[in-house]
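Q: Please find one structure pasted underneath; my questions will follow.
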Amino acid sequence: MNEYPSDYHRRLPYGERMAADPLLGGPFFPFEGDLQVVPLADPVLPEPPRAGEPGGTPCPTCVDPEKDAIWADHQWVLKAFQPTGLPMVALMVPREHFRLDNLPDELTATLGPMIQRTAGAIRQIPGVGRTHFNRWGDGSEHFHVWFLARPLGMMQLRGAMIAAWDDLLPSIPADEFQANARTVAAALAERSGAPLGKGV
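The sequence shown begins at 879 in the working numbering and counts up by one.
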């Protein structure tokens, strides 16, 4: 690729490997020893469509709105996934297909309270110390917020690498997952909505 879209892009050393040194030895980085960073790839322009965008695969949330759902109200659905190495990994999505930039004002007004409620409900799971949440928007156009439960006292799992730890840790048993899902769904249903899903 000869033309890059910005000065930022033009400065980057494509095809080269970055040194892992800035991460090694950090309190939250889950790897040590010889570590090799993959070479930096050229930008892909135009970007490929996400799920739910024209030319992309169908939106999985719209195709099966309550797949993996453990709780829902008239605006939001909370989905939980297994297997997972953390006590809970969940995804909050609006019932209707919106992006972040076109969420209606009335739905946007409930986003903060729903994040607060969901984080608090996940902390009701025995042994959970904190609930991390974030938004990655590269897989699906349908707006979604991720929630990850950090186990109490597991200080290595703080920060952005908690998602990597989720892949590294042994998967929790199915009955424990179901119990955790019931705990979260019941806590949310105390104020609105209803528990959903098999075994919840």
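Even for Gly, the Cβ is constructed at its ideal location relative to N, Cα and C.
Pick out whichever of 906, 953, 1000, 983 has its Cα sitting closest to the Cα of residue 1066.
A: 1000
Q: Out of curiosity, what's the CA-to-CA distance linking residue 914 and residue 1023?
A: 31 Å
Q: Measure from the alpha carbon of residue 969 to the alpha carbon of each residue in 980, 950, 983, then state which is nearest.
A: The residue from 980, 950, 983 with its alpha-carbon nearest to that of residue 969 is 950.
Q: When the distance is taken between beta carbons, is residue 966 closer than 9 Å to residue 1003?
A: yes
Q: Throw me the rounded Cβ distance for the residue 1011 and residue 1025 pair, which I believe falls under 8 Å.
A: 5 Å
Q: For residue 985, which of 1027, 942, 954 has the nearest alpha-carbon?
A: 954
Q: With distances taken from CA atoms, which of 971, 1037, 956 is nearest residue 1080?
A: Only positions 879 to 1078 of the chain appear in the structure, and residue 1080 is not among them; the question remains open.
Q: According to DSSP, what are the bridge partners of residue 1027?
A: 1009
Q: At which residues does the alpha helix (DSSP H) containing residue 1043 begin and terminate?
A: 1040–1046
Q: Among all the DSSP beta bridges, which residues are the ones paired with residue 958?
A: 968
Q: Any chance the segment 1032–1039 sits against the segment 916–923, with 3 or more Cβ pairs inside 8 Å?
A: no
Q: How about residue 964 and residue 1029: are their beta carbons less than 9 Å apart?
A: yes
Q: Using only CA atoms, which one of 1016, 997, 948 lies nearest to residue 934?
A: 1016
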